[in-house]
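Presented below is the structure to which this report refers.
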Amino acid sequence: MQPGDREPLFHENLGKPIKFLGVFDTVVGPMDDELYRNIYFRDSVVASGVESVVHLMSLHEMRKEFVLQRFHRGSEGNSSALVREIWVPGVHSDIGGGYEENFISNICLLTMSEMLSQYADIALDPSGYRGILQQIQAKIGAYRIVVNKEPSIPNKESRKGDVHKGDELHPLHRYLVDKHIVWKHSTNTEKYYDEYADIGYKIDKKIAKHFEKWID
Numbered sequence: 085m086q087p088g089d090r091e092p093l094f095h096e097n098l099g100k101p102i103k104f105l106g107v108f109d110t111v112v113g114p115m116d117d118e119l120y121r122n123i124y125f126r127d128s129v130v131a132s133g134v135e136s137v138v139h140l141m142s143l144h145e146m147r148k149e150f151v152l153q154r155f156h157r158g159s160e161g162n163s164s165a166l167v168r169e170i171w172v173p174g175v176h177s178d179i180g181g182g183y184e185e186n187f188i189s190n191i192c193l194l195t196m197s198e199m200l201s202q203y204a205d206i207a208l209d210p211s212g213y214r215g216i217l218q219q220i221q222a223k224i225g226a227y228r229i230v231v232n233k234e235p236s237i238p239n240k241e242s243r244k245g246d247v248h249k250g251d252e253l254h255p256l257h258r259y260l261v262d263k264h265i266v267w268k269h270s271t272n273t274e275k276y277y278d279e280y281a282d283i284g285y286k287i288d289k290k291i292a293k294h295f296e297k298w299i300d
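If you count the sequence shown from 1, you need to add 84 to reach my numbering.
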């Protein structure tokens, strides 16, 4: 099989739909170079069998080597799939999890859980949900909101230019505006500004209602 023949197979609909695909700041990192060169069928078009996609993306990741992979419409794949890409304050692992300071990653986890419930009709575990909610509210009560620092930044590049008019931003962004937060392991808190006010972004009302309950 030639490399060019693989892409149609990836987009072939086998009659077993995937109701929901949720991904967290999907990037091609420095360790993926060899993999990315040799998997010729991989692309950024939603596969034919996928019905709904939610992609939570980092607003503040600065590593140039972490190239964000957004979804695109194409002639192959499911052009009718629902695709929501939502910008969230924080760096790559704030979005996907892994830091001890986990306020933002917990917000992302509850957000994706609500999307899973909404688009795939999956019931959530109430005890697990409440546990995450308690962690979020404890951080708010302690005035402890942290945007974590990337492990290392050999080459720096802002993602601000990747945010376009009409893009969706998480209500966490609006909540943080004018608040003082711990910024990338700074010894002092810094005021969070809305650097995207002139772009014309949108915030989903349904997510905003959930978010208001989480921080109440």
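Glycine is no exception: its CB is placed at the ideal position from the N, C-alpha and C atoms. Every value quoted in this text rests on a predicted model; they were computed, and no experiment measured them.
The alpha-carbon separation between Val-266 and Asp-178 amounts to approximately 13 Å.
Every alpha helix (DSSP H) stretch that sits fully inside the region 186-229 and reaches 4 residues is listed by chain position as 187-204, 210-225. Residue state for Ser-142 is assigned as strand, using DSSP reduced to three classes. Here His-156 is not near Ser-136, since their CB atoms are 8 Å or more apart. The distance from the Cβ of His-139 to that of Val-172 is about 10 Å, inconsistent with a contact at the 8 Å cut-off.
Val-247 is not bridged by DSSP to any residue.
Looking at the backbone, the Cα of Asn-232 and that of His-257 are separated by about 15 Å. Thr-273 and Ser-236 have their C-alpha atoms roughly 21 Å apart. Fewer than three Cβ pairs drawn from the region 179-187 and the region 196-205 lie within less than 8 Å of each other, which leaves the two stretches out of contact. One Cα belongs to Asp-300, the other to Phe-150, and the distance between them is close to 34 Å. Here the region 211-225 does not lie against the region 239-255, with fewer than 3 beta-carbon pairs under 8 Å apart. As DSSP reads the structure, Thr-273 sits in a beta bridge with Val-266. Following the DSSP letters along the chain, one finds Ile-170 inside the beta strand (DSSP E) bounded by residues 166-172. DSSP, reduced to helix, strand and coil, places Arg-154 outside both helices and strands of the structure shown, so it counts as coil.
Here DSSP, grouped into helix, strand and coil, assigns Gly-106 to strand. By the CB criterion at 8 Å, Lys-148 and Lys-240 fall inside the cutoff.
DSSP places Lys-290 in the helix class (H, G or I) of the three-state scheme.
In the DSSP annotation of this structure, Tyr-183 is not part of any alpha helix (DSSP H), being labelled neither H nor E.
Between Asp-262 and Lys-244, the beta carbon gap of about 19 Å keeps them out of contact (Cβ cut-off 8 Å). If the five residues before and after Leu-194 are omitted, its C-beta is found closer than 8 Å to the C-beta atoms of Tyr-213, Ile-216, Leu-217, Ile-220, His-294, Trp-298, all from its own chain and listed in chain order. Distance from the CA atom of Leu-143 to the CA atom of Lys-100, rounded to whole angstroms, is 34 Å.
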